[in-house]
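Inspection log for the structure reproduced underneath, given as structure tokens.
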Amino acid sequence: MKFSLYSKKNQFDEMQEQTMLRIEARGFWLLWAGLLLAILVQIVLRTPSSQWVGEFVVFMAGCCYSLIECLRNGLWDRHICANTTTNVAGSLIACVAVTVVIGLAYGYWLIALIPGIIAGVLCFVLLQVCMHVSEKRRKELDNPKDEE
122 MKFSLYSKKN
132 QFDEMQEQTM
142 LRIEARGFWL
152 LWAGLLLAIL
162 VQIVLRTPSS
172 QWVGEFVVFM
182 AGCCYSLIEC
192 LRNGLWDRHI
202 CANTTTNVAG
212 SLIACVAVTV
222 VIGLAYGYWL
232 IALIPGIIAG
242 VLCFVLLQVC
252 MHVSEKRRKE
262 LDNPKDEE
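In my numbering, the protein residues as written are 122 to 269.
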């Protein structure tokens with residue numbers, strides 16, 4: 122008799138599969154938000170970076186994996202359109218967030234504007250690049266070239 126804890130055969134029906142995907146997605150975003158919040162609180166409280174660098178590495182690994190897989194599959198977002206206007210809005214949010222976190226951590230609000238503006242510009246450039254890569258990949262996947 123063969124006993125195995127893991128089976129390659131999917132034991133879920135379609136409804137169970139969709140429910141599991143929703144649970145996994147919520148779990149990912151809960152962990153993502155929790156790690157981000159923990160990192161930001163530690164930065165604002167000016168704890169040594171050695172205490173939060175592990176969380177940062179795990180957070181960035183999850184972000185990079187998610188980004189690479191979305192771009193590889195030509196996906197952008199379920200609710201947000203891929204256009205320059207939304208990229209500007211996202212960049213402004215990043216600019217304000219970085220400025221507030223650095224301002225709270227160090228108390229120098231005018232100096233906090235410099236990294237905030239740099240983060241906003243960098244965020245906009247990266248969002249634009251990712252948008253173009255995603256759109257290009259989506260076109261490739263929607264219109265595959267016939268290889269003969």
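Note that CB positions come from ideal geometry on N, CA and C, so glycine has one too.
query                                                                                                          : result
Go ahead and pull the three-state DSSP assignment for Thr207.                                                  : helix
In terms of alpha-carbon separation, which member of Thr220, Leu142, Trp153 and Val242 lies closest to Thr205? : Val242
Starting from the Cα of Gly211, find the closest Cα among Ala182, Met252 and Glu176 and give me that residue.  : Met252
Measure the C-alpha to C-alpha separation of Leu152 and Tyr186 and round it to an integer number of angstroms. : 14 Å
Phe177 and Ile160 look like a contact to me (Cβ under 8 Å); what is the Cβ gap, rounded to whole Å?            : 6 Å
Roughly how many whole angstroms lie between the Cα atoms of Ile189 and Leu157?                                : 19 Å
So what's Leu262 in DSSP terms, helix, strand or just coil?                                                    : helix
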